Amino acid sequence: MDTIYALASGQGKAGVAVLRVSGPQAHDTVKRLCGRVPAIRTASLCRIQDAQGQLLDRALVLTFAKGASFTGEQSAEFHLHGSRAIVKAVMREIGLAEGLRIAEPGEFTRRALENGCMDLTEVEGLANLIDAETEAQRRLALRLFEGALGVKVARWRDTLIDAMALLAVTIDFSDEDVPDEMNAEVHALLVAVLDDLERELSGIAAAERVRDGFEVAIIGPPNIGKSTLLNALAGRDAALTSEVAGTTRDVIEVRMDIDGLPVTFLDTAGIRETSDAVETLGIERALRRAENADVRVFLTDGQMPTGFVSREADIVLVGKTDISRKAVNGISGKTGEGVHDLLRSISDRLGGMASLAGVATQERHRIAIARSIVCLNHALAMLDAGSEHAELIAEELRQAVSALDALVGKVDVEDLLDSIFKKFCLGK
1 MDTIYALASG QGKAGVAVLR VSGPQAHDTV KRLCGRVPAI RTASLCRIQD
51 AQGQLLDRAL VLTFAKGASF TGEQSAEFHL HGSRAIVKAV MREIGLAEGL
101 RIAEPGEFTR RALENGCMDL TEVEGLANLI DAETEAQRRL ALRLFEGALG
151 VKVARWRDTL IDAMALLAVT IDFSDEDVPD EMNAEVHALL VAVLDDLERE
201 LSGIAAAERV RDGFEVAIIG PPNIGKSTLL NALAGRDAAL TSEVAGTTRD
251 VIEVRMDIDG LPVTFLDTAG IRETSDAVET LGIERALRRA ENADVRVFLT
301 DGQMPTGFVS READIVLVGK TDISRKAVNG ISGKTGEGVH DLLRSISDRL
351 GGMASLAGVA TQERHRIAIA RSIVCLNHAL AMLDAGSEHA ELIAEELRQA
401 VSALDALVGK VDVEDLLDSI FKKFCLGK
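Going by our numbering, 109 is the number at position 109 of the sequence shown; the sequence numbering is gapless.
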């Protein structure tokens with residue numbers, strides 16, 4: 001196997017740059033550049049030299065033993081001064097030896113997976129952690145990266161295997177009376193796993209919203225102050241404002257962090273009857289985006305726009321209270337009246353949604369868990385029909401276990417791995 005190396009820290013000038021090396025020649029590479037191999041897991045100050053003995057840098061060097069590193073392989077890290085010239089020179093010197101090459105994107109993490117140091121859900125958690133922009137995203141990604149879903153899967157899997165072992169007794173002694181207590185025990189095991197799976201499945205939608213971001217649509221008639229409100233929320237001129245009705249034709253998006261939650265605010269075209277073809281398209285697009293939004297903020301002049309089915313999460317406010325009469329639930333992006341209260345209301349609603357999030361966060365998690373649920377429901381139906389279906393029940397349980405194995409990457413997921421690791425940077 002090749003030894004791989006790459007810059008693990010960010011590109012460009014920095015205080016410190018970290019070069020990572022992993023593979024059978026990692027420690028030989030350290031010896032070649034430093035003249036010695038520092039003690040395992042001990043940061044040592046070394047002189048980094050090229051083949052002619054010219055000093056490239058003085059840096060901290062760490063070595064890790066096989067089986068006790070991120071990748072599970074023999075590995076090393078060079079903590080260099082973060083000059084582009086130093087990084088380039090050291091990488092050039094590392095690459096001179098046979099059998100060393102620059103890592104592909106995500107290859108270090110892929111080796112960690114292949115060597116059993118991580119499961120597939122932990123890899124996905126790491127990818128989410130790298131992409132996290134808000135506190136809620138960080139917490140959710142960290143739970144996945146720390147193996148919370150893998151622990152659950154292992155527990156579900158072990159319980160199903162216990163149930164299969166009990167069924168094996170039924171199959172082996174099919175010509176004898178099997179105690180009713182055994183079927184009852186199998187039933188209890190399956191129901192326990194099924195309840196857990198259904199609970200986890202119900203939390204995936206909320207987890208996906210935390211991962212990808214919530215959407216809040218600002219809706220109302222033209223010239224009611226939607227764009228001005230968006231600018232007030234964003235703290236900048238994100239949308240063009242005008243006294244001319246119908247200025248906003250397309251959906252304007254502004255990404256914000258609301259109490260740790262990722263939120264995209266949508267400023268939509270004013271809802272009204274119009275003969276303008278372009279404005280009509282903008283209104284149709286606004287209606288579609290509003291329908292899919294997590295929270296809808298209706299700015300009104302006292303009357304709700306038609307065509308909307310009321311939702312519990314909707315917020316209805318009277319717009320432009322700076323020029324209209326004082327109103328209950330009034331708001332003005334121009335003066336700031338009601339803006340703080342609106343943000344608090346949005347935070348409360350989205351926080352309630354986020355609290356429902358489980359550990360599973362991906363569409364493939366949803367598919368695998370749903371497959372397991374279908375298999376367990378089939379198994380329970382046959383179990384209730386009588387123990388003569390033991391072999392068919394066992395097959396359903398094997399299919400359920402197979403779906404769970406796919407969840408953590410224990411079965412063939414090569415195409416999926418290629419897709420995941422392409423999103424990683426070189427040093428990961």
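Quick reminder that beta carbons are idealized off the backbone N, C-alpha and C, glycines included. As the structure is a prediction and not an experimental result, all values here were calculated from the model.
Do A232 and M256 have their C-beta atoms within less than 8 Å of each other?
-> The count along the sequence shown starts at 1 and reaches residue 232 at position 232. The count along the sequence shown starts at 1 and reaches residue 256 at position 256. Not a contact, by the Cβ cut-off of 8 Å.
Go ahead and label H365 buried or exposed: buried means 16 or more other beta carbons lie within 10 angstroms of its beta carbon, across all protein chains shown.
-> The residue you call residue 365 lines up with position 365 of the sequence shown. Buried, by the Cβ-count rule.
Taking the beta strand (DSSP E) that E253 falls in, what are its first and last residues?
-> The residue labelled residue 253 in the question sits at position 253 within the sequence shown. First-last of the beta strand (DSSP E) with E253: I252 to I258.
If you drop the 5 nearest sequence neighbours on each side, which residues of the same chain put their C-beta closer than 7 Å to that of G15?
-> Residue numbering aside, residue 15 sits at position 15 when the sequence shown is read from its first letter. Closer than 7 Å at the Cβ level, and outside the excluded window around G15, lie G82.
Inter-residue spacing [alpha-carbon to alpha-carbon] between I258 and V318 = Here residue 258 is taken as the residue at index 258 of the sequence shown, counted from 1. Here residue 318 is taken as the residue at index 318 of the sequence shown, counted from 1. About 22 Å.
Residue interval of the alpha helix (DSSP H) (run including Q54) | In the sequence shown, residue 54 corresponds to position 54, counting from 1. No alpha helix (DSSP H) holds Q54; DSSP gives it neither H nor E.
Residues near L392 in its chain [Cβ-Cβ closer than 6 Å; skip 5 each side] | Indexing the sequence shown from 1 puts residue 392 at position 392. Closer than 6 Å at the Cβ level, and outside the excluded window around L392, lie M382.
Buried or exposed: which applies to I40, given that a residue is buried once 16 or more other Cβ atoms fall within 10 Å of its Cβ?
-> Translated into the one-based positions of the sequence shown, residue 40 becomes position 40. So I40 ends up on the exposed side.
Assuming V61 and S75 form a contact by the criterion Cβ under 8 Å, report the distance between their Cβ atoms to the nearest whole angstrom.
-> Mapped onto the sequence shown, residue 61 falls at position 61. Mapped onto the sequence shown, residue 75 falls at position 75. Wrong, their Cβ atoms sit about 12 Å apart, outside the cutoff.
Best match in V216, G12 and H79 for proximity to R288 [C-alpha to C-alpha] | Within the sequence shown, the letter at position 288 stands for residue 288. Out of V216, G12 and H79, V216 has the C-alpha closest to the C-alpha of R288.
In angstroms with no decimal places, state the Cα-to-Cα distance between D294 and D314.
-> On the sequence shown, position 294 is the one that residue 294 refers to. On the sequence shown, position 314 is the one that residue 314 refers to. If I take the Cα positions, the gap works out to 9 Å.
Look up H79 in the DSSP assignment and give the residues it is bridged to.
-> Counting from 1 along the sequence shown, the entry for residue 79 is found at position 79. Bridge partners of H79: V18 and L60.
Could you check what DSSP says for R364 in three-state terms: helix, strand or coil?
-> For this step, residue 364 is matched to residue 364 along the sequence shown. Reduced to three states, the DSSP call for R364 is helix.
Same chain, Cβ closer than 8 Å to R84, five either side skipped, listed in chain order | Residue 84 sits at position 84 when you count from the first residue of the sequence shown. Closer than 8 Å at Cβ, skipping near neighbours: G12 and K13.
If you drop the 5 nearest sequence neighbours on each side, which residues of the same chain put their C-beta closer than 7 Å to that of Q362?
-> Locating residue 362 in the sequence shown gives position 362, counting from the first residue. Closer than 7 Å at Cβ, skipping near neighbours: E124.
Name the DSSP beta bridge partners of V216, please?
-> One-based indexing of the sequence shown puts residue 216 at position 216. Note: V216 sits in a beta bridge opposite F265 and V295.
Evaluate contact between the stretch 86-93 and the stretch 109-123, counting only Cβ atoms and requiring at least three cross-stretch pairs below 8 Å.
-> no
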